[in-house]
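*Asks:* My questions will all concern the structure given below.
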Amino acid sequence: MVTGGHNLGRVGVITSRERHPGSFDIVHVKDSQGHSFATRLNYIFVIGKSTKPYISLPRGKGIKLSVAEERDRRLQAKSQH
1 MVTGGHNLGR VGVITSRERH PGSFDIVHVK DSQGHSFATR LNYIFVIGKS TKPYISLPRG
61 KGIKLSVAEE RDRRLQAKSQ H
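1 is the number of the first residue of the sequence shown in UniProt numbering; add one for each residue after it.
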């Protein structure tokens, strides 16, 4: 789980780690949708092993939606009310 930065709240599996002496270490993460992203090691909080979280996740499961997907979801929710 990412706890800071632009990818705040995203959940995924750590795929690799880049060490940068004298600077920030970078971690590459892949979410359950197959999208990869990178963030600082300091922003990573491990919540499980492999794809099995040890805690319950909120409704979105930590998946970041694209702008179009967010819009469609909001419009769908608005039309149901």
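Ideal placement from N, C-alpha and C gives every residue a C-beta, glycine not left out.
#1: For the putative contact between V11 and T39, defined by C-beta atoms under 8 Å, what is the C-beta separation to the nearest angstrom?
#2: When you compare each of I14, S36, R71 to K49 by their alpha carbons, which one comes out closest?
#3: Could you check if K64 is buried or exposed, using at least 16 other CB atoms within 10 Å of its CB as the buried criterion?
#4: Using 10 angstroms around the beta-carbon of I47, count the other beta-carbons present and answer buried if the total reaches 16, otherwise exposed.
#5: CA-CA distance, L75 and S66?
*Replies:* Here's the rundown:
#1: Separation of the CB atoms of V11 and T39 is rounded to 12 Å, and the pair is thereby denied contact status at 8 Å.
#2: Of the candidates I14, S36, R71, the residue whose Cα lies closest to the Cα of K49 is I14.
#3: buried
#4: exposed
#5: Taking the straight line joining both Cα atoms gives about 14 Å.
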